[in-house]
Structure formats: structure tokens, C-alpha cells
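Down below is the structure, laid out as C-alpha cells.
Number of protein chains: 2
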Amino acid sequence: MGILYIVSTGPGGIEYLTPRASAALEQSEYVIGNRFYIEHLSPLLDGKEIIFSSMGAEVERAQRAAELARDHIVSMVSGGDAGVYGMASIVLEVLEHAGYDGVVEVIPGITAATMAASRLGSPLSGDYVTLSLSDLLTPWDVIEKRLELAFQMEIPVALYNPRSRGRPHNLGKALDILSRYRTKDTPIGIVKNASRPGEEMFIMTLAQLADNDDLVDMHSIVIIGGAESRVWQRGDDVRGIITPRGYHNKYKY
Amino acid sequence: MGILYIVSTGPGGIEYLTPRASAALEQSEYVIGNRFYIEHLSPLLDGKEIIFSSMGAEVERAQRAAELARDHIVSMVSGGDAGVYGMASIVLEVLEHAGYDGVVEVIPGITAATMAASRLGSPLSGDYVTLSLSDLLTPWDVIEKRLELAFQMEIPVALYNPRSRGRPHNLGKALDILSRYRTKDTPIGIVKNASRPGEEMFIMTLAQLADNDDLVDMHSIVIIGGAESRVWQRGDDVRGIITPRGYHNKYKY
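These protein sequences, in sequence, are chains A and B.
Read in my numbering, the first sequence has 215 at position 215, and its numbers run on one by one without any break.
Read in my numbering, the second sequence has 1061 at position 61, and its numbers run on one by one without any break.
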């Protein structure tokens, strides 16, 4: 009987990979996943059987992992947190349908949203919404309805898959909706390749981003400030975004 | 000139502490934080000056850290992710007011919500909302409005601070609101002390939890399924909750 680890690898390098995830990889005979995420882990994968799978082949990848895990120790790797826009759900569904009776463990990881947030300061400090603008698996009208409600909550919104070559207009459409509920100076943070080579960060207002949304790509996370979010300054320099938790209403500091 | 690390320690033990967080602690002369979180880290803290601070003293704690970090390397530790209901925002606010010009780095961590989700299977697989039921810093009418909108989104909701001795009725009130938007068999997962000693997990329907909400305490995370969430079974055993990402609409498996 085998073991299937669904291993969250975090946002990039092994600096943000937990010891629990490392231990699972070390114990595994097979490591299966998207090349992009596996390549970041190469120092940990000596002597393992590596199975590269490509984007779009998630169902096939999950089936292959389930098959191998009948007799082997297998790690299915997934970037960020496997349970947030990752491989966990499809793998568990496939295991269920296949009647798999081995051990399965989902190992959590640093999400792309909280990694990006940490680079920006503290934009997600309290309540927040996590939404994806990809309409590959969710119809656009459902996404639009969720955006409408999320913006009415007046709390920060972290956007995954904000824009790609195949979906160049979804971010613009989301910002149009945003401008019906929030002022033009709403602070928005964009982090590209957070914690990976080529990391970049931008802090803009809603009005500025609406005119420059082509700087956002599929490796970006966009964090839209809530009604209480504000720019975090050092002197005249914009450092990031803070969403205060409300201590200023109760204490002096 | 000093360094201030705002270190996310994850949900509990050092199994889920990232190498980046460990390295920051190792480099620090002072470690300051709530006793509950510091105690989990004791294997890493030999020879450091430890400053325990109590719950409710967050502003004072942040001020102390900012003061020490003028001349020292200091780690302010915060459970889960420091940027999600943690110490990051108040520390950054205090640094800003104090005109601090040293280095500051926010180090992200595994959030309590994604740790709990991993124990339940994959309940937060796609879009989701993160809300706290604590009305210590946010007025209850604001929380209620956010709950109303969140439940209309029909996506999963992760509840922090769902219930405590001081706030025994907030979860019940939230479930009352939920029952206006979702059916009585909505799956809800409760994880107590996720990844810590005494870990427990419950999967219930909305109707069942409404009658038993006293099993939820301040060390619990409650994850309310969205319209597409369902129980994850192995034979007749309930294993957890899955929110499918929609692959079943496009593929056979």
C-alpha cells in the first residue's frame, strides 16, 4: 500500500518550503508536477523519479499520481498552497472515484496571496476575499457577480490569475466594476514573481492601474485595498499598503 | 541601525515554520511575542533574549519591538501569517509613526485557514472569503453586513475567532444569517488546534452545527462550504470536504 502526499511548495524557492513538505519529498519515490514548480525544488530531488506534467493536464496528472500511489510513495507537488487554486481538490476527487485506500495527506503551504501581501507590507491584515479572474473553469458572469459582492464588502480583495495573453481584458473589466464601488484613489498593489527571480512590485491607485493594466501578467497577484486600506509611507517614499486592524480607534501610538 | 523581522510562525510547531522564518529567528538578538507562539519555537531560541507579551497588549508589544529594533536585530513573532489577523499591520503603523529607518521584513507563514483546510481535504480550492467573528476591533453590524454579502457569493467562508467565552453567541448569529442563504445540509468543517497537540476535526451540516455550536472554541477555525462544496467520502466514512474546481464539467475521471 502506498502513500500520496499532496505537497504545497509555496511561492517559489525552498526558502518558503516548510519542513513538513521537505520531509514528504525526501521520503517519496516519485515526484510529479508542473515543470515550473519542480524546477525550484531540484536541490531536494536527487535520486527520485520525476514526472513532469504540463499546464492543462491536471486531470491526467492526478490520475497518474493516484495510480502510482497504489504501490509507491508519491508526492504530487503544487505551487503556493495546493488547496488554493491548486491540485488538492482534483487529486482527492480522482482518489475517491478510484476507490484509493492508501494514505493521503495534504500538506499546506504559503499561498501566493499572502506571499505577495508580505512584500507589500500588510494589505490583508483583517477580513479579505480571494478571487480568481480566470474563466477557464468558472463562467465570467459568476466571476462578475462575486466581484460585485466582494467590492460591496469594502474589504481587501486578492486577485489570482488577473491577466494573461488568453484573457487580456478580465482585469480591466474587474477594475470597471471596482470603480462603481470605490474611489479612484483606492490603493492597489501588484506583485509579480513574488519571491522568485524577477520579482517586481508596484503600488498604484485604481485610476493609475486602469490606464496601465498591461503591466500585470499571469505571474502577478493583484491586491485591491479595502475602504480602510492606505498607502504605507517612509517620509515621501511609498513603501506599501497597510490595512489597519482598528487599534487606532482604541489606543494612542 | 537595527533590523526588525515580523516573523509568521505558522499554525503551531516548527514542522510548518519556513526556512526563511527560522533564519530570521536564528539571526535575532531579541525575540518578542505572545507566550503561546514563542513556546512552540523553543528549540530555536537558545541564547536569545525573549520578551513575552500578553494578549491584548499588541500596541505596547509593537512599540517595544520598534524601540529595540533601532539598535538590535529583533524578531516580532506572530502565529499563523503575521499579515492575516496578526501583528504585521500594527507594527508597521508604529514604525511609521516613530520614523523608524532601519530594515523591516515581513516573513509570510501558513495561515490558520489553509492549515485547517488541509486537514479537511480541500474545502477552499477556489475563491473564498476570510472573515473574523471577533467584534473587539470591528463593530458587529459591520461583521453582519460582510457575512450577508459573503454568503450571497456562494463560495466557502473561513471563519477566524468563531467563538470564545467572551463572545459565545457570535457563531450562532452567523449561522442564523447563513441559513437564510444556504440549505440546512451545507457542509461545515471545524478544526480545533490544527497541527497542535489536541487537534480535533468535525464535519457537520449547518443544521447539526446550529444545535452544537458549543464544541467550537477560540482555537477553532470554522470552514463553511460554498454552494458547490460537498462531503468527501471513503466508502461510508466521511473524510472531509471538497470544493471541486470545475474539472468535472470538462473532463471524465
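Cβ atoms here follow ideal geometry from the backbone N, Cα and C, with glycine treated the same way.
Would you kindly report the start and end of the unbroken alpha helix (DSSP H) that includes residue i?
i, result
"Ser89/A", "Ala88 to Ala98"
"Ile1143/B", "Trp1140 to Gln1152"
"Val104/A", "Not the alpha helix (DSSP H): Val104/A falls in the beta strand (DSSP E), residues Val103 to Ile107."
"Ile110/A", "Looking at the DSSP string, Ile110/A is not in any alpha helix (DSSP H), and its letter there is neither H nor E."
"Leu1045/B", "It is not in any alpha helix (DSSP H) - Leu1045/B carries neither H nor E in the DSSP assignment."
"Ser286/A", "Lying before the first or after the last residue shown, residue 286/A is absent from chain A, which here runs from 1 to 253."
"Arg20/A", "Pro19 to Gln27"
"Arg1167/B", "Here Arg1167/B belongs to no alpha helix (DSSP H), and DSSP marks it neither H nor E."
"Leu68/A", "Glu58 to Leu68"
With a 10 Å radius around its C-beta and 16 neighbouring C-beta atoms as the bar for buried, classify residue i as buried or exposed.
i, result
"Trp1140/B", "exposed"
"Leu1133/B", "buried"
"Thr183/A", "exposed"
"Asp1217/B", "exposed"
"Lys252/A", "exposed"
"Glu1039/B", "exposed"
"Glu58/A", "buried"
"Met1001/B", "exposed"
"Gln1233/B", "exposed"
"Asn249/A", "exposed"
"Met55/A", "exposed"
"Asp71/A", "exposed"
"Asp1127/B", "buried"
"Gly1010/B", "buried"
"Val1103/B", "exposed"
"Arg35/A", "exposed"
"Arg165/A", "exposed"
"Pro1156/B", "buried"
"Leu136/A", "exposed"
"Leu1215/B", "exposed"
"Val1238/B", "exposed"
Comparing alpha-carbon positions, which option in the options lies nearest residue i?
i, options, result
"Gly47/A", "Glu29/A, Glu39/A, Glu58/A and His40/A", "Glu29/A"
"Thr1186/B", "Ala1116/B, Gly1033/B, Ile1050/B and Ile1241/B", "Ile1241/B"
"Pro1043/B", "Glu1148/B, Ser1022/B and Val1103/B", "Ser1022/B"
"Leu4/A", "Pro19/A, Gln63/A and Ile73/A", "Ile73/A"
"Glu1199/B", "Leu1120/B, Ile1050/B and Gly1246/B", "Leu1120/B"
"Gly1012/B", "Gly10/A, Arg20/A, Leu147/A and Ser118/A", "Arg20/A"
"Pro162/A", "Val191/A, Ala227/A and Leu41/A", "Val191/A"
"Arg1167/B", "Asp1213/B, Val1157/B and Thr1205/B", "Asp1213/B"
"Ala207/A", "Leu215/A, Ser179/A and Leu147/A", "Ser179/A"
"Thr138/A", "Val1031/B, Leu1025/B, Thr1243/B and His1097/B", "Thr1243/B"
"Ile1051/B", "Val1031/B, Glu1105/B and Asn1170/B", "Val1031/B"
"Leu1175/B", "Ile1203/B, Asn1193/B, Glu1144/B and Met1153/B", "Glu1144/B"
"Gly1235/B", "Glu105/A, Ala98/A, Leu25/A and Glu49/A", "Ala98/A"
"Met87/A", "Leu1149/B, Ile1014/B and Ser1118/B", "Ser1118/B"
"Glu154/A", "Val1142/B, Tyr1181/B and Met1153/B", "Val1142/B"
"Tyr1181/B", "Glu1096/B, Leu1131/B and Leu1147/B", "Leu1147/B"
"Gln1027/B", "Glu1060/B, Ser1053/B and Ser1075/B", "Ser1075/B"
"Ala1227/B", "Asp1101/B, Leu1045/B, Leu1131/B and Ala1150/B", "Ala1150/B"
"Gln152/A", "Ile177/A, Tyr160/A, His169/A and Lys173/A", "Ile177/A"
"Leu41/A", "Glu60/A, Ile203/A and Ile14/A", "Ile14/A"
"His1169/B", "Leu1092/B, Asp1211/B and Arg1064/B", "Asp1211/B"
"Thr1130/B", "Gly172/A, Ala158/A and Glu105/A", "Ala158/A"
"Arg245/A", "Lys1173/B, Arg1230/B, Gly1172/B and Leu1092/B", "Leu1092/B"
Give me the DSSP bridge partner(s) of residue i.
i, result
"Phe52/A", "Gly33/A"
"Leu1131/B", "Leu1159/B"
"Glu1200/B", "Lys1192/B"
"Met1076/B", "Ile1006/B and Ile1032/B"
"Ile221/A", "Val191/A"
"Gly1121/B", "Ile1241/B"
"Thr1205/B", "Pro1187/B"
Report the CB separation of residue i from residue j in whole angstroms; it is logged as a contact under 8 Å.
i, j, result
"Leu124/A", "Ala113/A", "7 Å"
"Leu1209/B", "Ile1188/B", "5 Å"
"Gly1109/B", "Thr1018/B", "7 Å"
"Val7/A", "Ala66/A", "Not confirmed; about 15 Å, so no contact."
"Val1094/B", "Ala1062/B", "4 Å"
"Ser195/A", "Tyr16/A", "6 Å"
"Ala1024/B", "Ile1107/B", "6 Å"
"Val1077/B", "Gly1033/B", "4 Å"
"Tyr100/A", "Ala69/A", "7 Å"
Got a sec: does the ligand NAD put a non-hydrogen atom nearer than 7 Å to the Cβ of residue i?
i, result
"Gly13/A", "Inclusion of the ligand NAD in the displayed structure is not the case, the ligand content being empty and no account of it being possible."
For residue i, report the span of its beta strand (DSSP E) as first-last.
i, result
"Gly13/A", "Unbroken run through Gly13/A: none, as it is neither H nor E."
"Gly1240/B", "Asp1237 to Ile1242"
"Arg230/A", "Arg230 to Arg234"
Can you pull the chain D residues whose beta carbon is under 7 Å from the beta carbon of residue i, in chain order?
i, result
"Gly1083/B", "Within the model displayed, chain D is absent; protein chains A and B are what it includes."
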